[in-house]
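Down below is the structure, laid out as structure tokens.
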Amino acid sequence: MNAILAATVYCIVGCNFGSPEKDSLKVLECDTETGAARIVQSVDGCEGTTYFQIDRERKNLYSTVAEKNKSAIVKFALDGNRIGAMTKVAELPCEAPCHVSLTPDEKRVAFAAYGSATCGTVGIDGSDLRTFVFPNDDMGDNKVRQKKAFAHQTFFLDPNGVGRGEMGVVDLGCDRVWFFDPNTMERRKDLFIKTAKGDGPRHALFLPGSYNKALYLLNELGSSVSHYAFDGARFRLVDKASTLPDGFNRWAPDGENLVTKAAAIKATADGKIVMASNRGYDSIAFYDIEAAGKLKLRNIAKLRGEFPRDFALMPGEKFMVVGHKMSNEIQVYSFDREKCSLSPVGDPIPCWRPLCFVFI
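According to my numbering, the sequence shown is numbered sequentially starting from 58.
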């Protein structure tokens, strides 16, 4: 993996809390022609990050840190392809969020804290913190994972189209997505998604340029992707596709625990292929987007490592980086778009529980 880089790009890697070396934010240097990759920076003193976002000008990376009995939204300055100093933006009244993003106008930071089911937004200057806590009023039927509400992700509808930039928050525990005004955190009660019992939705992917404003909802517990069409007023379920092979049993012998769970959902740059990862049945499922945005399963590509928490295609989309969380490694794969297949490139790159990839 020491080939001379011919077409160099950089990827920020966030790792789970608990890193022994306390360097859970890294920079991965990648060659888009050969797939060669190596870690060129590790940020000291960063004990863990979650899903984060880089602003459009590539000047700041917004994330979160855990502190004693509290947490905070923070930002890291970006200096070219390197991560600089950390600045605290705002303290939060909850545990460290599992997901951090920016509003479409980049004036506020949005977050979702899993355990306390707390979501909210705060100004990028740390002012005007607004929060909402999901009620435990409509739990799913998974007795192990759905005992209460769990806020898992924030995302935004098309700010330039019919969506007007509402913020969606995915609640895994109660099988739902609720929507809010990100400036006030007032709930849009007329706009919501209610999934099937036990689906346990985790992440949503909104493709505003697709057929009828399509939203693809990844169901962690159901190991499936649900496709909803959005007409500006409501979401309509169009179809639902499994992320697993036909006949695969998701359940452990005890009948209560799952042997595999879906993790991340992404799309190719042109929005024509949707991809979803499986943890347990370690793989990535690929779907063609057909007429009316319907999903057609193309392939389920098995992976070399364990527990793929997140993945990302390199610019040019010839290669994919995958975080094998429980193998403590990053693996590069070549991506054959025609076959929707993956082949390992080189050796795994040691890395403590990688869970988020964002190319600069």
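Just so it is clear, CB atoms sit at the ideal spot from N, CA and C, and this is done for glycine as well.
Check: Out of curiosity, what's the CA-to-CA distance linking Y268 and N126?; Outcome: Per-residue confidence for Y268 stands at a pLDDT of 47, beneath the threshold of 50, marking its modelled position as unreliable; no derived number is given.
Check: Secondary structure at S384, three-state DSSP: helix, strand or coil?; Outcome: helix
Check: When the distance is taken between beta carbons, is A142 closer than 8 Å to I130?; Outcome: no
Check: Are the CB atoms of K329 and I346 within a distance shorter than 8 Å?; Outcome: yes
Check: Which same chain residues, not among the five before or five after D296, have their C-beta less than 7 Å away from its C-beta?; Outcome: H284, K351 and L352
Check: Given a cut-off of 8 Å, decide if F416 and C103 are closer than it, judged by their beta-carbon atoms.; Outcome: no
Check: Would you mind listing the beta strand (DSSP E) stretches within the segment 327-381 that are 3+ residues and don't spill past its ends, in chain order?; Outcome: 330-336, 340-346, 352-359, 365-370 and 376-381
Check: Hey, quick one: how far does the beta strand (DSSP E) through K204 stretch, first residue to last?; Outcome: Neither: K204 is in no beta strand (DSSP E) and is coded neither H nor E.
Check: Which of helix, strand or coil does DSSP assign to D316?; Outcome: It should be noted that the sequence gives Val, not Asp, for residue 316. Note: V316 maps to coil in three-state DSSP.
Check: Rounded to whole angstroms, what is the Cα-Cα separation between E114 and N314?; Outcome: 44 Å
Check: Per DSSP, what kind of secondary structure is M242 in: helix, strand or coil?; Outcome: coil
Check: Does DSSP put W449 in a helix, a strand or coil?; Outcome: No information on residue 449 is available, as it lies outside the stretch 58 to 417 that the chain covers here.
Check: Pairing CB atoms from the segment 301-315 with CB atoms from the segment 241-254, are three or more of them under 8 Å?; Outcome: no
Check: In this structure, how does DSSP classify Y67 when only helix, strand and coil are distinguished?; Outcome: strand
Check: Can you tell me the Cα-Cα spacing of D101 and Y108, whole angstroms?; Outcome: 19 Å
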